[in-house]
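Participant: Have a look at this one.
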Amino acid sequence: MFGIRTIRNQRLALVSGALVMAVLTACAGAPAPTQAPAQPPTQTPAAEAPTSAPEPAAPAAGGESTFVSWYQYDETNTDEKSDERVGNAYLRRTIPIFNEEFKGKYKWVNQPQAWDKMTLNLIAAVQGGGEVPDVMQVDSTAVQTTLYQNGAAQDLTDWIKAQPWFNDLDEGAVSACTGLDGKIYCVPIAETPQLVFYWSDHFPNGYPRTPEDFLSQAEALKQKNVYAITFFGSTDFDGNATTRFFFTTLASFGGGYDDGKGNMLLNRPENVKAVEFIREIVSKGYAPEVVFAGKFQEEEPMKTAEAASFPTGIFGYRYVNPLRAPSGKEYNTKTEQDMIDAIQAGDVKLSAFVAPEGKQPSCGLGVTGLIIPKGARNPEGARAYINWVMDQRNNADWVVAIGGGVPSLDPTRTAAAFQSEFYKQAIQATAGLCRPWQGTLTNPPEAQKIIATAIYKLIKEDPAADIAAELQKAQDEYNSQYAPGS
Amino acid sequence: MTSSAQAASAATSPSQTSHRHIKEGFFSRTLPFWLLLPSILVLIVIQVIPGLFSFFLSTQTFERGEQIFVGLRNFERVFSSSAFNASLFHTLFFLIGYVALTMIAGFVIAQMLNRKLRLSAFYITVIFVPWVLSDVVVGLIFRLFIVPDYGLFSAFFADPQIFPPRGISILTTPAAPALVSGVPFPPAPALIYLIFASAWKALPFITLLILAALQTVSREVIESASIDGADGWRTVRYITFPLILPTLIVALFNLTLNGVNGVGLVFSLTGGGPGTATEVLSYLLYTIGFGRLDFGRAAALSVFMAVINLTLILLTLRISRSEREA
Chain U
296 MFGIRTIRNQ
306 RLALVSGALV
316 MAVLTACAGA
326 PAPTQAPAQP
336 PTQTPAAEAP
346 TSAPEPAAPA
356 AGGESTFVSW
366 YQYDETNTDE
376 KSDERVGNAY
386 LRRTIPIFNE
396 EFKGKYKWVN
406 QPQAWDKMTL
416 NLIAAVQGGG
426 EVPDVMQVDS
436 TAVQTTLYQN
446 GAAQDLTDWI
456 KAQPWFNDLD
466 EGAVSACTGL
476 DGKIYCVPIA
486 ETPQLVFYWS
496 DHFPNGYPRT
506 PEDFLSQAEA
516 LKQKNVYAIT
526 FFGSTDFDGN
536 ATTRFFFTTL
546 ASFGGGYDDG
556 KGNMLLNRPE
566 NVKAVEFIRE
576 IVSKGYAPEV
586 VFAGKFQEEE
596 PMKTAEAASF
606 PTGIFGYRYV
616 NPLRAPSGKE
626 YNTKTEQDMI
636 DAIQAGDVKL
646 SAFVAPEGKQ
656 PSCGLGVTGL
666 IIPKGARNPE
676 GARAYINWVM
686 DQRNNADWVV
696 AIGGGVPSLD
706 PTRTAAAFQS
716 EFYKQAIQAT
726 AGLCRPWQGT
736 LTNPPEAQKI
746 IATAIYKLIK
756 EDPAADIAAE
766 LQKAQDEYNS
776 QYAPGS
Chain Y
225 MTSSAQAASA
235 ATSPSQTSHR
245 HIKEGFFSRT
255 LPFWLLLPSI
265 LVLIVIQVIP
275 GLFSFFLSTQ
285 TFERGEQIFV
295 GLRNFERVFS
305 SSAFNASLFH
315 TLFFLIGYVA
325 LTMIAGFVIA
335 QMLNRKLRLS
345 AFYITVIFVP
355 WVLSDVVVGL
365 IFRLFIVPDY
375 GLFSAFFADP
385 QIFPPRGISI
395 LTTPAAPALV
405 SGVPFPPAPA
415 LIYLIFASAW
425 KALPFITLLI
435 LAALQTVSRE
445 VIESASIDGA
455 DGWRTVRYIT
465 FPLILPTLIV
475 ALFNLTLNGV
485 NGVGLVFSLT
495 GGGPGTATEV
505 LSYLLYTIGF
515 GRLDFGRAAA
525 LSVFMAVINL
535 TLILLTLRIS
545 RSEREA
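Chains U and Y, in that order, give the protein sequences.
Just so you know, we're using this note's numbering here: the first sequence kicks off at 296 and counts up by one.
Just so you know, we're using this note's numbering here: the second sequence kicks off at 225 and counts up by one.
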């Protein structure tokens, strides 16, 4: 009996052990990225070896190879009310054009991704050795996260410098794509500066130039039940306010977030003055309460002209609609055309923000572009696609539809698409003034949250708190954990 | 059957029978194991391995794509951040309010429904509606009620005569000054509102759970207690409550774990704001992991939260056992 039970136990242990091993082996799946065989040599020596198990793109009939893009847009979505309709339509229009042009060589396939999950999905794919796209749309807020902390993008330095269009790129845009190691990781295509949209009827003499001028006009507007300004002032989206109005104001006062060496430098007189200014705007009721509600609901008072001005990214024109001007005139197509029309009609104008006497207004600069992720299976296809996008025939279309900003390529700025009043004013309002908000900070996502929380506390939660002390506290918290060498 | 076949059959029969018996014995004895094995394997794959991997990840950091061992550095980073301390208290306040409100309201409603009211089935159907809505939908609905200036009830809350001295804006009014330094109490209106929204969402399940338990309580027992002179409260306290205690423990267990780990409502209703007033641990974990993509630190926080979960489970089981013994 004992013997039989022992045999049973052994058999049971063996069977269950084998089953567990089988499952674990199945789950292990693809080999770890670092154990992967080296990528077959590419035609461009500058291309960095991918870290995950790459296979050459499977050539289709006639040697045509597929490359995959990740965009936040979906060419199959034909909903005219979709927030992303402009980009969706662009892909629907251009994918067949590209595929026709490169017939027999490359075939472009797009895989739509949620804009706020795209970076995450890429990092997960690169680190997990999963399927990665060959080319992906990025914005500069994701660049540091993607490139530095998680190393998900290929170094494009040598390749990009060898391209005929490289010398036509705006230097600021290239710097937004450049890592702390001096290497270039993305191809900047569109610049998305922060600027101010304002109702010209509320500011008939143009947008105020100094904080003092702004405050006196704001008081006058308040008497007419109009808020002088609305802005994204909440801590929502992990402190996204840091990249928007907060930076625009601090930078316009001559301040900023970093010391140029990777450390946070928040407690400085310029920043203290800037926070005092925002605090005054809030405490005197020159901005509506919805400013602090999050989820981009601060746009609402601008749409109805209850707020006279709205500092935001240039791409904001797509989302702020429909519009009702102070005169009662309506722009009601409920598309991006409303803002374009309002600007063309002179009801809305664009401007840089205010700056104290002797200072120049400043603003945050974002860049939208393309990266080639590590592990891309068809980098040649990706490079051919990028060159196609950078071609003068196609560049303006991408900048308008995907980038939602102004071109990084100088020659493209002369294209017909950028001769409208909207683009003329945007380029004029921000020329040479903007810079990436993160400066040399090595952990922008963390800095973003810490800074937004500190400024929010000072202007809304505790308007009597010592500004310098709170800024210093936030600065110390960041530097103790994330500054170089900490 | 021929005689030779019968002979052959007779010759092999004893060994086959014995083998079959061994086989039958083996499988009948181990049958529960085989039936459980698929579930065990699934649990190993989707819980045990990721759990162990999370612990491993909590000791790692990524620098330029390189995975580097950092020991307990991620834990230190989590515990030393101001956001962690605040979110720990927010979680505690949220949990107390959410569990207490849902349990009490669920019990009261279940008691009412158990009295065979007219249209009981209709009430139960109506009450069940929030349960089928997703957290995000519930969050958006509750948000639309109170968006400053534009929400359905924002004017009501902003009325200084109802909420002196200046009225409140639930989404943006900060918490009153803390009574004790470092402890964010009293909570912001947004946290209280979040508790109400979460309780509204969880109420149907808890109500139905308690109602089902109440319906198992024998009417004779209740009537006997009544004949013996027990009033309504005493009947509930000494008869109904002990009889449905196991169900209440299950409900408590469910609410507690949901309360600690839920993130959808915070995400869609308040986004952690105003400031960090509704930033609970689960939301902080979400933002560190999926917002800032700092997987090492997120894993460290998840390990900490796993410890909290285990502690709560053990605590609940202990209370359950001691109540049963009592």
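In this text, a Cβ means the ideal position worked out from N, Cα and C, and glycines have one as well.
1. Are P574(Y) and E584(U) touching if we call contact CB-CB under 8 angstroms?
2. Restricting to runs no shorter than 3 residues, where is the beta strand (DSSP E) found entirely within the region 636-688 of chain U?
3. Using C-beta distances below 7 angstroms, list every residue in its chain close to K752(U), excluding the 5 sequence neighbours before and after it, in chain order.
4. Kindly say whether E716(U), judged by its beta-carbon, lies nearer than 8 angstroms to any beta-carbon of chain Y.
5. Just checking: is the beta-carbon of E350(U) within a distance shorter than 8 angstroms of some beta-carbon in chain Y?
6. For F377(Y), count neighbouring C-beta atoms within 10 Å of its own C-beta (all shown protein chains included) and say buried if the count is 16 or more, exposed if not.
7. In the DSSP assignment, find the beta strand (DSSP E) that holds Y385(U) and state where it starts and stops.
8. Would you call the region 379-391 of chain Y and the region 470-486 of chain Y in contact, with 3 or more CB pairs under 8 angstroms?
9. For G608(U), which of helix, strand or coil comes out of DSSP?
10. When you compare only the Cα positions, how much space is there between L464(U) and S306(Y)?
11. Quick one: Cα of P340(U) to Cα of W683(U), how far?
12. Consult DSSP for A602(U) and reduce its assignment to one of helix, strand or coil.
13. DSSP three-state call for Y507(Y): helix, strand or coil?
14. Whole-angstrom Cβ separation of A423(Y) and L395(Y), contact assumed at under 8 angstroms?
15. Sort N533(Y), T540(Y), L536(Y), F528(Y) by Cα distance to L296(Y) and report the nearest one.
16. Using a beta-carbon distance cut-off of less than 8 angstroms, what residues from the region 346-380 of chain Y approach chain U?
17. In the region 300-371 of chain Y, which residue ranges form an unbroken alpha helix (DSSP H) of at least 4 residues, counting only runs that do not cross its ends?
18. Which residue or residues does DSSP assign as beta-bridge partners of R730(U)?
19. What did DSSP end up calling R297(Y) once you bin it into helix, strand or coil?
20. Under 8 angstroms between beta-carbons, which chain Y residues line up against E772(U)? List them in chain order, please.
21. Distance cutoff 8 angstroms, beta carbons only. Does G499(Y) sit that close to anything in chain U?
22. Over the uninterrupted beta strand (DSSP E) stretch that includes A485(U), give me the two end residues.
23. Indicate whether at least one CB of chain Y lies closer than 8 angstroms to the CB of L309(U).
24. Using 10 angstroms around the beta-carbon of N627(U), count the other beta-carbons present and answer buried if the total reaches 16, otherwise exposed.
25. Could you tell me the distance, in whole angstroms, from the CA atom of I667(U) to the CA atom of E370(U)?
26. Have a look at Q458(U), K517(U), A536(U), A691(U) and flag the residue whose alpha-carbon is nearest the alpha-carbon of K579(U).
27. For A657(U), is the classification buried or exposed, using 16 other Cβ atoms within 10 angstroms of its Cβ as the cut-off for buried?
28. Is there a Cβ of chain U sitting closer than 8 angstroms to that of G330(Y), yes or no?
29. Between the C-alpha atoms of F429(Y) and K590(U), what's the straight-line distance to the nearest angstrom?
30. Output the boundary residues of the beta strand (DSSP E) element that contains V586(U).
31. What's the call for Q422(U), buried or exposed, on a 16-neighbour Cβ count within 10 Å?
32. Taking the C-alpha atoms as reference points, what is the distance between D476(U) and T452(U)?
33. For the region 717-745 of chain U, enumerate the residues whose C-beta is nearer than 7 angstroms to any C-beta of chain Y, in chain order.
34. In angstroms, rounded to a whole number, what distance separates the CA positions of Q458(U) and R730(U)?
35. Based on Cα-Cα distance, which residue from L561(U), L665(U), F610(U), G664(U) lies nearest to F548(U)?
36. Taking buried to mean at least 16 other C-beta atoms within 10 Å of its own C-beta, is S546(Y) buried or exposed?
Facilitator: Once the coordinates are examined:
1. Any answer about residue 574(Y) is impossible in this case: the structure gives chain Y only from 225 up to 550.
2. 643-646, 658-666
3. A760, E765
4. no
5. Since pLDDT at E350(U) reaches only 43, below the 50 mark, its modelled position is unreliable, and the value read off the structure follows with that caveat. Answer no: the Cβ-Cβ gap between E350(U) and chain Y never drops below 8 angstroms.
6. exposed
7. First-last for Y385(U): 380-396, but that is the alpha helix (DSSP H), not the beta strand (DSSP E).
8. no
9. strand
10. 42 angstroms
11. Here the model assigns P340(U) a pLDDT of 33, short of 50, so the residue's position is not dependable, and the following value carries that caveat. Spanning the two alpha carbons is a distance of roughly 20 angstroms.
12. strand
13. helix
14. At roughly 18 angstroms, the Cβ-Cβ gap does not stay under 8 angstroms, so A423(Y) and L395(Y) are not in contact.
15. F528(Y)
16. R367, V371, P372, D373, Y374
17. 306-337, 344-356, 359-370
18. G659(U)
19. helix
20. S305, S306
21. yes
22. 482-494
23. The predicted position of L309(U) is uncertain, since its pLDDT is 47 and thus under 50; a value taken from the coordinates is nonetheless stated next. Not closer than 8 angstroms to any Cβ of chain Y, the Cβ of L309(U) fails to qualify, so no.
24. exposed
25. 21 angstroms
26. K517(U)
27. Residue identity differs from the one stated: residue 657(U) is Ser in this sequence, not Ala. By the neighbour-count rule (16 or more Cβ atoms within 10 Å), S657(U) is buried.
28. no
29. 30 angstroms
30. Unbroken run through V586(U): none, as it is neither H nor E.
31. buried
32. 11 angstroms
33. P740, E741
34. 25 angstroms
35. L561(U)
36. exposed
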